[in-house]
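Enquirer:
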Amino acid sequence: MSQMSRQDPLIENHTVDYVPLAERHGKARDLFTLWFSTNIAPLPIVTGAMVVQVFHLDLLWGLLAIALGHMIGGVVIALASAQGPRMGIPQMVQSRGQFGRYGALLIVFFAAIIYIGFFISNIVLAGKSIVGIAPSVPAPLSILIGALAATAIGVIGYNFIHTLNRIGTWVMGSALLAGFIYIFAHDLPADFLTRGSFNLSGWLATVSLGIIWQISFSPYVSDYSRYLPADIGIAKPFWATYLGATLGTILSFSFGAVAVLATPEGTEAMVAVKQSTGWLGPILMVLFLLNIISHNALNLYGAVLSIITSIQTFASQWTPSIKVRVVLSSVVLAGCCVVALGASADFISEFIGLILALLLVLVPWASINLIDFYLIKRGCYDITSIFRADGGVYGRFNLHAIIAYFIGIIVQLPFANTSLYVGPYANLVEGADLSWLVGLVITVPLYYCLATRGQTQQSRAARLGYTD
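Residue numbers for the sequence shown follow our numbering, so the first one is 2 and each next one is one higher.
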């Protein structure tokens, strides 16, 4: 297996096709380092600061809500990741096994929008970080530098992404630990432990935010586990992903909350990080910049795979080459840079609001994906059918999944509390978006009943001789 790793080409040669068993390599611990390192970044730190600044929780209740939210949501991302070694294909391609060949296109479209949205937001953030570190560098050039670096990593692909994050785990983990030590080793404000208080709406909003944060990764987690050996099982990739994703985000969210509590009330999150960590602050800023670029490569990689999946849906005999992935990456890069260079000052907050609104479509998808894989098909999919022009045994459209999916979206709308739409019951618990819970509670039993009923009817018809 180590010999195979040494022979792997520098640039990944697979796109959306099946990874043959002979080319499988790596260990489950690679998933821990990937998801841990990815989440030691400015965005989760800034989001963690919201626990104090927006939801007005004190440190103890804030930390409890952060931990609980990510621990619950982490189950979703871990279950999705564990599918990769069994399937050997990207997550969006696998959706054909649930929604049908053409039915999966809607999910792929939403996933591509989310990837591209985060890619643009992160290159804007990377550009601002470069300017903050080196003010003499023009802002447009800073954005281009951040974008080109992320694109290079995304083009090289799977193995390089994992290698960077293995290194990043030790570097970013140590840096964050040093930041915590520095803050607690110095004098803290008198209200460090008492600023804020328990309030139900803020506590539930924080728990929901953690759950939604984890679910947002679910469309592409198995993209990074599909090269693992097929006989690795479910438990190892599950726990490696779960521990990496939850520990990384809990630490980053908590660091954001601690940093703003260690500075005067009202201090902006990243300014608070620099002020509260003294001489270590500039070093953290440089490391965060490098991690933004590394993490953004995942967004580009996922966006390109989604675009290729969409095209390949209508060209079943087409197997994209390395050149196609490079060309598409360049096109996405160019388009995103145009948007980023013309972005307004509050672009990031506006776009993140849009992306969080789009997460309404992810909850029912994740519910269907996990129920189908673990309870209905139990990991047994016909890979050949997934790539057939007519969808094979999964057909062009699976109405059971599509019906459950749209109902799962519709039932969330009255409870939605997003920047795009606020439902009439959005403030049952003020400030907390609980629409995801409604979507989960409705979609899971609905899809299970529809899918198992369909299987029963097919079995009955087969016994009566009505099917081949």
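Built from N, CA and C at the ideal position, the CB exists for glycine as well.
Per DSSP, Asn-418 forms a beta bridge with which residues?
Expert: Val-423.
Enquirer: Between Val-439 and Gln-413, how many whole angstroms is the CB-CB distance? I'm expecting something under 8 Å.
Expert: Between Gln-413 and Val-439 the Cβ distance is about 5 Å, and since that is below 8 Å, they are a contact.
Enquirer: Quick one: is Thr-385 buried, meaning 16 or more other Cβ sit within 10 Å of its Cβ, or exposed?
Expert: So Thr-385 ends up on the exposed side.
Enquirer: When the Cβ atoms of the segment 139 to 148 are set against those of the segment 238 to 257, are three or more pairs found closer than 8 Å?
Expert: No, the segment 139 to 148 is not in contact with the segment 238 to 257.
Enquirer: Quick one: Cα of Pro-265 to Cα of Ser-38, how far?
Expert: Distance between the alpha carbons of Pro-265 and Ser-38: 29 Å.
Enquirer: Ignoring anything shorter than 4 residues, give me the alpha helix (DSSP H) runs that lie fully in the segment 20 to 79, in order along the chain.
Expert: Listed in chain order, they are 30 to 39 and 43 to 54.
Enquirer: Can you grab the Cα-Cα spacing for the pair Trp-36 / Ala-246, in whole Å?
Expert: Cα-Cα distance, rounded: 5 Å.
Enquirer: Under a three-way DSSP split, which group does Trp-204 fall into?
Expert: Of the three classes helix, strand and coil, the one that applies to Trp-204 here is helix, per DSSP.
Enquirer: Please check the pair Tyr-406 and Trp-366, which I expect to be a contact at CB under 8 Å, by giving their CB distance rounded to whole angstroms.
Expert: Correct: roughly 7 Å between the Cβ atoms.
Enquirer: With the cut-off set at 7 Å, would you say Thr-250 and Asn-428 are in Cβ contact?
Expert: Their beta carbons are not under 7 Å apart, which means Thr-250 does not touch Asn-428 by this criterion.
Enquirer: Can you give me the Cβ contacts of Ser-311 inside the same chain, cut-off strictly under 8 Å, excluding the 5 residues immediately before and after it?
Expert: Leu-106, Val-109, Phe-110 and Ala-113, listed in sequence order.
Enquirer: The alpha helix (DSSP H) spanning Arg-97 covers which residue range?
Expert: Looking at the DSSP string, the run of the alpha helix (DSSP H) that includes Arg-97 is 97 to 100.
Enquirer: Thinking Val-474 and Ala-66 are a contact (beta carbons under 8 Å), I'd like their distance in whole angstroms, please.
Expert: Given that the chain is displayed from residue 2 to residue 469, the structure contains no residue 474 and the question cannot be resolved.
Enquirer: Should Arg-454 go down as buried or exposed, given a rule of 16 or more other Cβ atoms within 10 Å for buried?
Expert: Exposed, since its Cβ has fewer than 16 Cβ neighbours within 10 Å.
Enquirer: Counting Cβ pairs closer than 8 Å, one from the segment 285 to 298 and one from the segment 199 to 219, do we hit at least three?
Expert: Cβ pair count under 8 Å is below three, so no.
Enquirer: Mind checking whether Ala-390 and Ser-307 have CB atoms under 7 Å apart?
Expert: No.
Enquirer: Starting from the Cα of Ala-186, find the closest Cα among Phe-398, Ser-277, Gln-99 and Val-261 and give me that residue.
Expert: Checking every option, the nearest Cα to that of Ala-186 belongs to Ser-277.
Enquirer: Between the segment 77 to 94 and the segment 369 to 376, do at least 3 Cβ pairs fall closer than 8 Å?
Expert: Yes, since at least three Cβ pairs between the segment 77 to 94 and the segment 369 to 376 fall closer than 8 Å, the two stretches touch.
Enquirer: Where does Gly-466 sit, in a helix, a strand or coil, going by DSSP?
Expert: Its pLDDT being 44, under 50, Gly-466 is placed unreliably in this model, and the value from its coordinates should be taken loosely. Here Gly-466 sits in coil by DSSP.
Enquirer: Should Leu-244 and Phe-33 be called a contact, given that it needs their Cβ atoms to be closer than 7 Å?
Expert: Cβ atoms of Leu-244 and Phe-33: closer than 7 Å.
Enquirer: Can you confirm whether the segment 74 to 89 touches the segment 324 to 331 when touching is taken to mean that 3 or more C-beta pairs between the two stretches lie within less than 8 Å?
Expert: Flag = no, the segment 324 to 331 and the segment 74 to 89 do not touch.
Enquirer: Between the alpha carbons of Val-362 and Ile-408, how many angstroms are there, rounded?
Expert: Rounded to the nearest angstrom, the two C-alpha atoms are 11 Å apart.
Enquirer: Measure the C-alpha to C-alpha separation of Ile-309 and Asn-300 and round it to an integer number of angstroms.
Expert: Their Cα atoms are separated by approximately 14 Å.
Enquirer: What ranges does the alpha helix (DSSP H) occupy inside the segment 239 to 282, keeping only unbroken runs of at least 4 residues that lie completely in it?
Expert: You should have 270 to 277.
Enquirer: For a test of the three-state rule: what should DSSP assign to Thr-320, helix, strand or coil?
Expert: Correct three-state label for Thr-320: coil.
Enquirer: Which term fits Gln-4, buried or exposed, when burial requires 16 or more other beta carbons within 10 angstroms of its beta carbon?
Expert: Unreliable placement is indicated for Gln-4, whose pLDDT of 40 sits below 50; the coordinate value is still reported in the next sentence. Counting Cβ neighbours within 10 Å, Gln-4 comes out exposed, since fewer than 16 surround it.
Enquirer: Beta-carbon separation of Ile-46 and Phe-181 under 7 Å?
Expert: Their beta carbons are not under 7 Å apart, which means Ile-46 does not touch Phe-181 by this criterion.
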